[in-house]
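Visitor: Residue numbers (this note's numbering), protein chains in the order written: chain A, 1 to 298; chain B, 1001 to 1292.
Glycine is no exception: its CB is placed at the ideal position from the N, C-alpha and C atoms.
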Amino acid sequence: MASYWRKTWPFHLLVLPALILCIIFQYIPLFGVVIAFQDYQPWLGIKKSAWVGLTHFRTLFEYPDSKQVIWNTLIIASFKLVINLFVPIVFALLLNEIVKTYFKRILQTLVYLPHFLSWVILGGIMIDILSTDGGIVNRVINAFGGQSIFFLGDGQWFRLTVIISDVWKEFGFSAIIFLATLVGINPALYEAAEIDGATRWQQVIHISVPLIMPIVIVVATLSLGRILDAGFDQILNLYNPLVYSHGDIIDTFVYRVGLNNGQFSFGTAVGLFKSVIGFILIIISYRLAYKLANYRIF
Amino acid sequence: MKFRSRSYAAFAISNNVFLSLLGLICILPLIHVLAVSFSSRAAATANIVNFWPVGFTLDAYAKTLDNEKFLTAMWIGAERTILGTIISMAVITMASYSLSKTSIRFPGRQVYTWIFVFTMLFSGGLIPSYIVISKLHLLDTIWSLVLPGAVSVWNMILMLNFFRTIPQDLEEAAYIDGAGHLRVLWSVYLPVSMPSIATLSLFTMVSHWNSWFDGVIYMSKPEGYPLASYLHSMIVSDNLSRIGVSAESIANFSNRTVKAAQIFIGALPILLVYPFLQKYFVKGIVLGSVKS
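As structure tokens, then:
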């Protein structure tokens, strides 16, 4: 044992700062979830607050608001999941057909950019361009003879706006992984197909698509694990009381009810519910990705 | 590759047009806001600005940069970005060095790896984290913005995977010369891995500059907000009462051109580092695909 430490103490020492930060800010809050089973009052603290068992979880499932919130989360997240998978694949396949390198590079520069801007910036931009009071999008709609649309104030439109804008922000960046795979395909495969008389379309269907399939499966299964993350950052920057009924998701609900209204215990219970389901989903999705495509993160 | 068929030529042209439109859609909203920020207030209110300033003026920028609260927020944003990146990279680099060793050389690395990876899978959630930070008396300090996210496990995995590609010979030569682990990390690992450290630092900087939520919850007073949080309350939630401005300055600041100028200034640092970012991540991915 002593010789173990003598040989490895520098390694332990180097991990130590990260370990301490990790314990303080990740593991200690894990014990804090006990307040989900209490009626936590900040001035009493965890030790003195009354225990209430599963009351908050019962409320969660009985309260009509929280059912709506879970439903909103699922519907927004699943639409995002599907569209955020297909649009980047199609985009990557189309971009792969561009022959001129400089044109390709310009396109890539443009479409990757929104990924790096925060939702604060993009939210500010969207509120401006989607405004009913002369926002540029509604001006275009009016020019074609349509009625102005209250994108951020009408529940149904709000969901659609959230989904589309997320796809707009991320499709370019999400396509990178598919593009890299397409670029890595051995040109000899295409040449052989061409000699056999395959059209370009047939080459895409029979060579490109099957070869990116494994990575598509990995991306799809991994994103399944995040089905409860409907876009906290985004929605908090776009929504307003008018669209709470259609736009409130689990995370924003926890923030609004838990921190802003001071219902610490109930908020924690909702958060814990989400963490547990999310944990199970992530484990399942990693298992699936490993089984289906032999993928491991490390 | 050549495709002479007429239908492919038709496809190629429509593909070019379609992708160009798609590229434009990604950038036009930003250009519009930029145009608004340089336009006269009257033109912006009359909704006649499209993608080019109407009645060019720097008024909005002058007002923004005259606003002390905006400047303070910008400073806090810069401070957290620099401090946060340095701390995070230092901590991650050191830990990755140890964890990149094989289990034979560093028995116990598996345990540490699992401790870190578990935090990617499960978290206590927003409220318990808030309570911990308030109990540690970190509320209203810059540390509440810098420390909780410092150990990015994802970056750590990237870093340790990179460290594993460093040839063993380099390291062994240093040991034979009598160097200790710290020395090896500093004089062998760091110089070799400068490109990946630069890449991860850039990504960390971007995420620090962009994060706003921690500022909003951990700072009780808007005076402590970093720029992203300030912009969030100013522009997005229009929560002017929390920022504490008087009625007449509300009229001043809520005007569209000033908002547009603030948005653009907020995005500017990202736009400035974007060329470097792009160079690195594209290169990284090309390398990755060559390897696999």
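Apart from the five residues just before and just after A1046 of chain B, which ones in its own chain have a Cβ nearer than 8 Å to its Cβ?
Guide: There are no such residues.
Visitor: Exposed or buried, what is D251 of chain A when buried is set at 16 or more other beta-carbons lying within 10 Å of its beta-carbon?
Guide: Buried, by the Cβ-count rule.
Visitor: Between M1094 of chain B and chain A, is there a C-beta pair that is closer than 9 Å?
Guide: yes
Visitor: Does A1150 of chain B come out as helix, strand or coil in the three-state DSSP assignment?
Guide: coil
Visitor: Please list, in chain order, all residues of the same chain as I1243 of chain B whose beta carbon is under 8 Å from its beta carbon, the five residues on each side excluded.
Guide: Residue placement at I1243 of chain B cannot be trusted, given a pLDDT of 45 that sits under 50; what the coordinates show is reported in the next sentence. Answer for I1243 of chain B: K1069, P1222, Y1230, S1233, M1234, listed in chain order.
Visitor: Can you list, in chain order, the stretches of the beta strand (DSSP E) that have 3 or more residues and sit fully within the region 2 to 57 of chain A?
Guide: List check, beta strand (DSSP E) in window: nothing returned.
Visitor: Spell out a yes or no on whether the region 137 to 149 of chain A and the region 85 to 93 of chain A are touching, meaning 3 or more CB-CB pairs, one atom from each, closer than 8 Å.
Guide: no
Visitor: Check whether the Cβ of V69 of chain A lies closer than 9 Å to any Cβ atom in chain B.
Guide: no
Visitor: Just to confirm the assignment, what range does the alpha helix (DSSP H) spanning P214 of chain A have?
Guide: 209 to 224
Visitor: Compute the beta-carbon to beta-carbon distance between L110 of chain A and I1027 of chain B, rounded to the nearest angstrom, for a pair I have assumed lies under 8 Å.
Guide: 5 Å
Visitor: Compare the C-beta of G258 of chain A against all C-beta atoms of chain B and say whether one is closer than 9 Å.
Guide: yes
Visitor: What residues from chain A crowd round V1091 of chain B, counting only those whose CB sits closer than 7 Å?
Guide: Near V1091 of chain B (Cβ distances below 7 Å), the residues of chain A are P17, A18, L21.
Visitor: Taking CB distances under 9 Å as the criterion, tell me whether H1137 of chain B reaches chain A.
Guide: no
Visitor: Based on Cα-Cα distance, which residue from A:I227, A:F171, A:G124, A:M213 lies nearest to I76 of chain A?
Guide: For I76 of chain A, the closest C-alpha among the options A:I227, A:F171, A:G124, A:M213 is that of A:I227.
Visitor: Have a look at Q68 of chain A and F1122 of chain B and give me their C-alpha separation to the nearest angstrom.
Guide: 24 Å
Visitor: Consider the Cβ of T109 of chain A: report whether some Cβ of chain B lies at a distance smaller than 9 Å.
Guide: The Cβ of T109 of chain A sits closer than 9 Å to at least one Cβ of chain B.
Visitor: Under the assumption that F354 of chain A contacts I70 of chain A (Cβ atoms under 8 Å), give the Cβ distance between them as a whole number of angstroms.
Guide: The requested residue 354 of chain A does not occur in the structure, where chain A is confined to residues 1 to 298.
Visitor: Tell me the DSSP secondary structure of S1007 of chain B in three-state form.
Guide: Here S1007 of chain B sits in helix by DSSP.
Visitor: For my contact list, I217 of chain A and L281 of chain A are in at a C-beta cut-off of 8 Å; report their separation, rounded to the angstrom.
Guide: No, I217 of chain A and L281 of chain A are not in contact; Cβ-Cβ is about 16 Å, not under 8 Å.
Visitor: Grab me the residues of P1053 of chain B's own chain with a C-beta within less than 7 Å of its C-beta, minus the 5 sequence neighbours each way, in chain order.
Guide: These residues qualify, in order along the chain: A1035, F1038, S1039.
Visitor: I199 of chain A to L94 of chain A, Cα distance in whole Å?
Guide: A small fix is needed here, since residue 199 of chain A is Thr in this sequence, not Ile. So the two alpha carbons sit approximately 16 Å from each other.
Visitor: Starting from the beta carbon of Y1274 of chain B, find every residue of chain A whose beta carbon is closer than 7 Å, and list them in chain order.
Guide: L113, F116
Visitor: Using a C-beta to C-beta distance shorter than 7 Å, which residues of chain B count as neighbours of Q26 of chain A?
Guide: Close to Q26 of chain A, with beta-carbon spacing below 7 Å, are these residues of chain B in chain order: T1119, S1123.
Visitor: Using alpha carbons as the reference points, say which of A:T101, A:G145, A:D128 lies closest to Q1262 of chain B.
Guide: A:D128
Visitor: Kindly list, in the order they appear in chain B, the residues whose Cβ is closer than 8 Å to that of F61 of chain A.
Guide: Within chain B, no residue comes near F61 of chain A; the closest Cβ sits about 18 Å away, beyond 8 Å.
Visitor: Spatial neighbours of S223 of chain A within its chain, please: C-beta separation below 6 Å, excluding the five flanking residues on both sides.
Guide: L81
Visitor: Mind checking which residues open and close the alpha helix (DSSP H) that includes D316 of chain A?
Guide: The structure shown does not extend to residue 316 of chain A, since chain A is modelled only from 1 through 298, so no value can be given for it.
Visitor: Using CA coordinates, which residue listed in A:A230, A:N294, A:Y239, A:V243 is at the minimum distance from F79 of chain A?
Guide: A:A230
Visitor: Does chain A have any CB closer than 9 Å to the CB of G1224 of chain B?
Guide: no
Visitor: Taking the CB atoms as reference points, tell me whether P29 of chain A and I1115 of chain B lie closer together than 9 Å.
Guide: No, they are not a contact pair.
Visitor: Using a Cβ-Cβ cut-off of 9 Å, state whether R6 of chain A counts as contacting chain B.
Guide: no
Visitor: Would R1041 of chain B pass as an interface residue toward chain A - the criterion being a Cβ-Cβ separation below 9 Å?
Guide: no
Visitor: Against chain A, which members of the region 1049 to 1070 of chain B pass a CB distance test of less than 8 Å?
Guide: N1050
Visitor: Between the C-alpha atoms of A2 of chain A and W9 of chain A, what's the straight-line distance to the nearest angstrom?
Guide: 10 Å
Visitor: For S1293 of chain B, which residues in chain A fall below 7 Å Cβ to Cβ?
Guide: It is not possible to answer for residue 1293 of chain B, since the shown part of chain B is limited to 1001 through 1292.
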